[in-house]
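Residue numbers (the numbering used here), protein chains in the order written: chain A, 2 to 667; chain B, 927 to 1074; chain C, 13 to 275; chain D, 1249 to 1377.
Quick reminder that beta carbons are idealized off the backbone N, C-alpha and C, glycines included.
Reading through the structure tokens given below for one structure.
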Amino acid sequence: MQKIGVFVCHCGTNIAATVDVKKVVELVRYEPGVVFADDYMYMCSEAGQEKIIEAIKEYGLTGLVICSCSPRMHEKTFRACAEKAGLNPYMVEVANIREQCSWIHKDREEATKKAVILARAAIAKVNLNTPLKEGESPVTKRALVIGGGIAGIQTALDIADAGYQVDIVEKEPSIGGRMSQFDKTFPTLDCASCILTPKMVEVNQHPNITLYTYSEVEKVSGYVGNFDVDIRKKARSVDFDKCTGCGECSTKCPLGKIGKIPSEFDRGLKNRPAIYMPFAQAVPAVPVIDRENCTYFKTGKCGVCAKICPSKAVDYEQKDEIVTVKYGAIVVATGFDIINLDKFGEYAYNESPDVITSIELERLMNAAGPTGGHLERMSDHKQPKDIVFIQCVGSRCDSEEKGKPYCSKVCCMYTAKHAMLIKDHWPDTNITVFYIDVRTPGKNFDEFYRRAVEQYHVNYIKGQVGKVKPQPDGSLMVQAADLLDGKQINMKADMVVLAAAVEPNPGVRKIATMLTASIDNNNFLTEAHAKLRPVESPTAGIFLSGMAQGPKDIPETVSQAGAAAVKVIGLLAKDKLKTNPCTAQCDTLLCNGCSTCANVCPYGAITYDDVQVMDHGLRETRRVAQVNLALCQGCGACTSACPSGAMDLQGFSNRQITTEVDAICR
Amino acid sequence: MSMNEEKKEYRPLIVAFCCNWCSYAGADLAGSSRLSYPADVKIIRVPCSGRVNPMFILRAFERGADGVIICGCHPGDCHYSTGNYYARRRMALLFSMLEYIGVENGRTRVEWCSAAEGAKFSKTMNEFCEKIQSLGENVRLGDLRCKN
Amino acid sequence: MKYSYYPGCTLKNKAQDLDIYARRSAEALGFEMEEIPEWQCCGGVYPLGSDEIATKLASVRALNYAKEQGQDLITLCSACHHVLKRVNDDMKNVQDISDRANNYMALEEPYRGETKVLHFLEVIRDVIGFDELAKKVVNPLTDKKIGAYYGCLTLRPGRILEFDDPENPKIMEDFIRALGATPVIYSMRNECCGGYASLKDPEFTKSRTSQIFEDSTGFGAECLITACPLCMYNLNKSDADTKVPVYYFTELLAEALGVKEEA
Amino acid sequence: MANVEKQVQLIKDISGSDPYKCMRCGKCSASCPSYNEMDIKPHQFASYIIRGDIDELVESKAAWKCLSCFACIERCPRDVQPGKLVDAARQIVERQREGDYLQPDEIPALLDPETPQQLLVSAFRRYRR
């Protein structure tokens, strides 16, 4: 039996004005387990707490009930107070007789009656409380960043600068991601590679950063502070230590001249050899052999690259390698791509080489791109005179089969950027932008768009384009409606640029599954709280950076990357993690291993184990649920889902809640 | 206290399960905004609406409660991501079974209430009390041995 | 291979060519088309209203007949093809329409969209194959540059008709290739000819068909093929400078297979 | 007012599409072959229905100028299907009033020897009850 002390607070007159405090004390004094009851003006004050400590010592109290304000206000205070007196802090319950009683009721008798009932419920609960202890788990002081674009690079640099070890896993042969493909960045129009390349080099040279390029995460196990990750280092077919990055192999590769392999980096606007670096500033500057296309790997003949390599770095025998590394935290920065445009046949993207996506336009305008920065049509290599931009291609679609329901967020701004850059270089180009809405929230963003209209005379027309019709003379006819002027338009164009919707990198669903990180219908990773925990996944120890979490531009990505890094640093700075003691617990004698609880657990905290149990004198092996206390957040979803009643939640056990119900309904 | 009181007008007994993160905080806000609702409502704090085991509700009715309301975070706002979705589905099923055995649908309710919706909390409780008041005493599931 | 065949009103009258050449070609290609007895007109336009039941029953009857024969249902006219496929989709997927139509019909066994509706071209593509067709061609139409005119009813809505990609179809182009000719791809090929507006507003239809001829001949088309009697009529009525002959696709098929002059 | 609400509901029921989904992107108007013939344009159908200006819509030329070519239905990114909305408006006229667009006695003058049956049945279905 517990020895319970009940303390009723007046809260000045906040409680005492409506609740007869003395009467409450009198009535709860004879509740089962209560050995002491008293009231005081301000329970939370120094003197009030002193009173509690004295009573604990004098009466040997094993449980406390404080009738006062909301536990959200002072539960912590009273728990600390109990701990000071040597009592387990989880032996304290608070009956909320202010917010939920005295403040909302006027009738003194009614309020007093309710206060007594609330106190009784708390007393009944404390009778069943057990001392709980916060668990501890160690922290591996190394972070993993999945994805080597600007989001991953920034996160890794920030963590590494704080003195922690970081590994980046990037599936492409080089880091740099989407940003390395861009020409200039809005709204300041600085050159993308001028600001990105130094960061890429810094990553490569940072003593705290290890790069795994051309590598993929294969398997993840463990939990916050203690992840075990298998990384597959795909065979590069080039010896990292020997290669000097001279590029001789790429120049001599016979396939480079035949030109049948479209360059992924140049979005298929140019071809590449089978042994290649994606782009000149690639980090690391070590080529890979694309084994699917390489003649040597297909037929066993050729071998030119191995013969001419001055440092004998080409190694056809190289195999995939799997390394297992321990991490304390994982950041997902897997980025985005644009959607496939096959479903938008009306825009003739597959029919005409002069209908291109915005990202292809970035390559066409880039000095290091396939045309050396000279804007030309892919069909006849002539400079386009009339250019039409179509916004929202696949964004803001209602039907799943056609596109994405969300706004891609970056298109309005980059289209204004493209329009101005083209006008800067070739002022007599006519540019028309067909838009549904122009969305430019952000610092200096709307000014940027207005500049396109006012200074560069870019023609903005409200109305989505219906069809792009390739014409016999090689031009394109754009059929649209000007909704504000109420006219259907047929406009001739030499080039049409589509602002295709962004979508999370297709591989992210597989990664999210490995991490048990939640992901939404659009394959964006879900944050722990949309407003208050925007860079954390609900799964402890997993953090989000960049487009993987939602559409965002470079400045936003960089700020989120920094925020994710801070969260990681905050985690790695701890030697041990304190875990919430109000966790689920499985009664192995009742569990039948049905997996219902594991299916509802949002944290992947439940695993199954075969254990030996003694049941009625029989020893048998059973598959039973086990709760990983470091992962469990104490939501209790498993407890109500469990069909056999094996799962229970400490601090809010089935018996505790039932006894509260009983006390209220007495 | 109750024994020697004269028989007054019927007051219902209502149990409210509130999740710690949204609706319990909403109830606190109703309190600090002094938005009153009948004292018939007694709140039990649970970590999440997904923690509410159907057994708790049956127990409440058995012990003489006239109405039970479960409050959770709005869809998409659950502190634990998905608990309220499970609660919604579980309760829909439970309530239809309760109705089948004669506990009217009006006696049970699931409501979403955020930490900022003190007014909504108070309004909901007022409505719910009125509803239970009109339905009268719950005689269907109550265990007569529990009555005094 | 035997199919139930739904010819439709026009093929019995003004578009007999479309029908006759199809029958001869089918024989040459080795499949049989059994005309459904007592078929009723599909109505030409699919009734869009979700509460329109009576106007859908004629199609349901034909569909159910094919089901009872255990045969797929073949059509030629693009309007019939459109209406039959959409009614069939309603019977399969729209509970309300399906239930009410079945109430009217009072069939022994309710019809729930079991029949597979195929356009003649789909049979060639999916059952026979364009490779096989090419092998059976005896008079290849070499050097002919032909524009396929799809119109609207064969293609849209693509999700229900599943005939081909509604914006960039290629079934008729593949067909033209199989006959030994060169397809001409032009963007007006899936734009409306003006349809039934020609009855009250022939000038409007003429402006539409002019655009179609201008675009197709601009890309070098020497003639057009179509599967739709109404498109045929509207295109023939055109007084465009760029007008070229228009044929039913079955006529060219019969010619290539060497069965045009039979019987 | 009650009558307007009823008509709005009727249009929603007949068409099976939801005018509130429309985001006024105008892709329908951009695609419509009859755009220039119409007084109310395809991208405006939804707002007429939402506002309850049903009379204006059913009395407009738009209802009769739609060719049922389904270009707007195929391309609508929001699944509003303007073609279905205007067809529902047309149905209302045809069902409730003497609103037929085509009278039997005017037909003989419109025919020529080549007129296909398909044209007549289609026109009958679209222009008459």
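- Annotation: T156 (chain A) to I210 (chain A) spans about 11 Å, alpha carbon to alpha carbon.
- Relative to T67 (chain C), the option among C:S90, C:D102, C:Y77, C:K79 whose CA is nearest is C:D102.
- Of all residues in the stretch 1362-1377 of chain D, only E1362, T1363, P1364, Q1365, Q1366, L1367, L1368, V1369, S1370, A1371, F1372, R1373, R1374, Y1375 place a beta-carbon less than 9 Å from a beta-carbon of chain C.
- The continuous stretches of beta strand (DSSP E) do not include E111 (chain A), which lies in the alpha helix (DSSP H) extending over residues 109-129.
- Sixteen is the threshold: since fewer than 16 other Cβ atoms of the shown chains lie within 10 Å of the Cβ of N445 (chain A), the residue is exposed.
- Interface flag for Q472 (chain A) against chain D is unset, since no Cβ pair is found closer than 8 Å.
- Residue pairing by DSSP puts S216 (chain A) in a beta bridge opposite A:K234.
- Counted as a single uninterrupted DSSP element, the stretch harbouring A283 (chain A) is not any beta strand (DSSP E), since DSSP gives it neither H nor E.
- Counted as a single uninterrupted DSSP element, the alpha helix (DSSP H) harbouring D102 (chain C) occupies residues 90-105.
- At the C-beta level, V25 (chain A) and V9 (chain A) come within 8 Å of one another.
- Check the Cα spacing between M414 (chain A) and each of A:I391, A:I54, A:D447: the tightest is with A:D447.
- Ranked by Cα distance from C303 (chain A), the first of A:D521, A:C250, A:K344 is A:C250.
- Rounded to the nearest angstrom, the Cβ distance from G329 (chain A) to A144 (chain A) is 7 Å, consistent with a contact under 8 Å.
- Taking 8 Å as the cut-off, the beta carbon of C592 (chain A) is found no closer than this to the beta carbon of G635 (chain A).
- Ranked by Cα distance from D1303 (chain D), the options D:I1340, D:A1357, D:Y1283, D:K1289 are led by D:I1340.
- Contact check for N246 (chain C) and T229 (chain C): beta-carbon distance about 17 Å, past the 8 Å limit, so the pair fails to qualify.
- Straight-line spacing of the CA atoms in Q166 (chain A) and I160 (chain A) works out to 8 Å.
- In this structure, DSSP gives I169 (chain A) an extended state, which the three-state scheme calls strand.
- Closest in C-alpha terms to E134 (chain C), from the list C:V149, C:E185, C:A118, C:G55, comes C:E185.
- By the C-beta criterion, the stretch 973-993 of chain B is judged to be in contact with the stretch 631-647 of chain A, since at least 3 inter-stretch pairs fall below 8 Å.
- The stretch 1048-1065 of chain B makes no contact with the stretch 18-36 of chain C; the number of CB pairs closer than 8 Å stays below 3.
- A straight line joining the alpha-carbon of D177 (chain C) with that of R171 (chain C) spans about 9 Å.
- Between the stretch 518-538 of chain A and the stretch 361-379 of chain A, the count of Cβ pairs shorter than 8 Å is below three; the stretches do not touch.
- In chain order, G269, N272 place their CB closer than 7 Å to the CB of P263 (chain A), counting only its own chain and leaving out the 5 sequence neighbours on each side.
- Comparing alpha-carbon positions, the option among B:S1040, B:D1003, B:G1044 lying closest to H530 (chain A) turns out to be B:D1003.
- When the Cα atoms are used, S103 (chain A) and C997 (chain B) turn out to be separated by approximately 21 Å.
- For E347 (chain A), the nearest beta carbon of chain C is closer than 8 Å to its own beta carbon.
- Put simply, the backbone Cα of L269 (chain C) is about 12 Å away from that of E144 (chain C).
- Here the alpha carbons of V72 (chain C) and A118 (chain C) stand approximately 12 Å from one another.
- Straight across, the Cα-Cα distance linking Y1026 (chain B) with I109 (chain C) is about 32 Å.
- In this structure, C205 (chain C) sits near G163 (chain C), with a CB-CB distance shorter than 8 Å.
- Between the stretch 72-90 of chain A and the stretch 12-27 of chain A, the count of C-beta pairs closer than 8 Å stays below three; the two stretches do not touch.
- A502 (chain A) places its beta carbon less than 8 Å from that of G395 (chain A).
- If you look at P1356 (chain D), you'll find it in the alpha helix (DSSP H) that goes 1355-1358.
- Taking G125 (chain C) as the centre and dropping the five residues before and after it, the same chain places the C-beta of N100, M103, K104 closer than 6 Å to its C-beta, in chain order.
- Interface annotation for the stretch 169-184 of chain C against chain A: R171, D177, P178, E179, N180, criterion Cβ-Cβ distance under 8 Å.
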